[in-house]
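> Numbering-wise (this note's numbering), the sequence shown opens with residue 31 and increments by one.
Backbone N, C-alpha and C fix where the C-beta goes; we use that ideal spot for every residue, glycine too.
Note that the structure is predicted; figures quoted are calculated from it, not measured.
Below you will find the structure I want to go over with you.
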Amino acid sequence: MLDVRRLLLLRDLSVLGTIAAVAKARSFSTAAVSQQLSTLEREAKAQLLDRTTNRVVLTPAGEALVAHAERLAVELDEIEAALARDRDEPSGTLRLAVFPSAARAVVPDALAKMSVRYPGIEIQLTEELPASSVPRLRAGEFDVVLLHSYDLLPATGSAGVRQVLVHTEPMWLVRPSGAEDADPRDVDWVSDQPGSECREVLVRWCAAAGFAPRIRHQVSDFAVALSLVAAGGGHALIPRLGVPALSDGVVAGPVPGPALGRRIFAAHRDGSGRHPLVEAAVEVFTEVFAELG
Numbered sequence: 031m032l033d034v035r036r037l038l039l040l041r042d043l044s045v046l047g048t049i050a051a052v053a054k055a056r057s058f059s060t061a062a063v064s065q066q067l068s069t070l071e072r073e074a075k076a077q078l079l080d081r082t083t084n085r086v087v088l089t090p091a092g093e094a095l096v097a098h099a100e101r102l103a104v105e106l107d108e109i110e111a112a113l114a115r116d117r118d119e120p121s122g123t124l125r126l127a128v129f130p131s132a133a134r135a136v137v138p139d140a141l142a143k144m145s146v147r148y149p150g151i152e153i154q155l156t157e158e159l160p161a162s163s164v165p166r167l168r169a170g171e172f173d174v175v176l177l178h179s180y181d182l183l184p185a186t187g188s189a190g191v192r193q194v195l196v197h198t199e200p201m202w203l204v205r206p207s208g209a210e211d212a213d214p215r216d217v218d219w220v221s222d223q224p225g226s227e228c229r230e231v232l233v234r235w236c237a238a239a240g241f242a243p244r245i246r247h248q249v250s251d252f253a254v255a256l257s258l259v260a261a262g263g264g265h266a267l268i269p270r271l272g273v274p275a276l277s278d279g280v281v282a283g284p285v286p287g288p289a290l291g292r293r294i295f296a297a298h299r300d301g302s303g304r305h306p307l308v309e310a311a312v313e314v315f316t317e318v319f320a321e322l323g
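So this is what it looks like as structure tokens:
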């Protein structure tokens, strides 16, 4: 009979991409993970991994086995949720991952609300971008993660992950005071690094208006971007959560033309939606975001 824990390690490899990442997620050594996967191959009587390249990849047999392991992972989550629902009150450790602007804007209130309403829940918070938090959610390192999706960009989704919409916010055009009437074609811009979602939104928004933005400063931190705008360094497109308060020298408001926004989701694994810890997190985040207006 195949060992369930080894099957889940194979599935983790398909999600996280490397044996080193699996080892880190499971607090194993890389040698131990490799040994367990080799044992699984002997149990399955099939080659599951191609080790001839620089990166270990799944064979067709490995991919087929991962598909079964995915269903098994969902069922195990459902079993854990059912057992947890038999307890009187939600209790245990809730592992959250949130992106930076949400961490600043809503997480303090959410944690305070949760500690009062659910004193039996111990929260472990990690600030992490969705690109890395989603694979870790799927691998079981997190229970709930906050994700975002921008207008003008393709909808994002991940196998095995369910997203609950908790907030919709506008993208704001942030400008130096006195430059409210400046033509966007003629100004410098402050934006994120190439390949980032915010950068791509800016590029596509400008392209729809018939021009390419003249990006002068490249920064990832919204607070730094606001400071640069205040100093006259350019204009910026920033989600409303990234503009908690306007400093002197800055004006901000919705972009001209068609509405442009960002949606925020609380995401969990397919099988864990009825777990009391997950339900508590989704409930509280929904309330806190609603209070923002």
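How is MET201 classed by DSSP in three states: helix, strand or coil?
MET201 falls in the strand class under three-state DSSP.
> Over what stretch of residues does the beta strand (DSSP E) that includes HIS98 continue unbroken?
First-last for HIS98: 90-115, but that is the alpha helix (DSSP H), not the beta strand (DSSP E).
> Please state if the CB of ALA114 and the CB of HIS298 are separated by a distance shorter than 7 Å.
The answer is no: Cβ separation not under 7 Å.
> Measuring alpha carbon to alpha carbon, tell me which residue in GLN248, ALA238, PHE295 is nearest GLY287.
Checked all of GLN248, ALA238, PHE295; the closest Cα to GLY287 is ALA238.
> Leaving out five residues on either side along the sequence, give the residues of the same chain with a beta carbon under 8 Å from the beta carbon of ALA295.
A quick correction: the sequence has Phe, not Ala, at residue 295. Excluding sequence neighbours, PHE295 sits near LEU176, LEU177, HIS178, SER179, GLN193, VAL194, LEU195, VAL196.
> Would a C-beta distance cut-off of 7 Å place GLY291 and VAL220 closer than the cut-off?
In this structure, VAL220 does not lie closer than 7 Å to GLY291 by Cβ.
> What does DSSP give as the partner residue(s) for GLN248 in the beta ladder?
GLN248 pairs with SER221.
> So, for GLU93: in the same chain, excluding its five sequence neighbours on each side, which residues have a beta-carbon less than 8 Å away from its beta-carbon?
The residues are SER44.
> Considering Cα atoms alone, identify which of ASP213, LEU38, VAL254, GLN223 is closest to CYS236.
Minimum Cα distance to CYS236 is reached at ASP213.
> Strictly by DSSP, which residues pair up with TYR180?
According to DSSP, which records beta bridges pairwise, TYR180 is partnered with ARG292.
> Can you give me the C-alpha to C-alpha distance between ASP181 and VAL164, rounded to a whole angstrom?
Rounded to the nearest angstrom, the two C-alpha atoms are 20 Å apart.
> So, with DSSP's three-state summary, where would you put ALA297?
If DSSP states are grouped into helix, strand and coil, ALA297 belongs with the strands.
> Report yes if the CB atom of LEU267 is closer than 7 Å to the CB atom of LEU322, and no otherwise.
Cβ distance not < 7 Å, so LEU267 and LEU322 don't count as in contact.
> At the level of alpha carbons, what is the spacing between GLU199 and ARG293?
Their backbone Cα atoms lie some 6 Å apart in a straight line.
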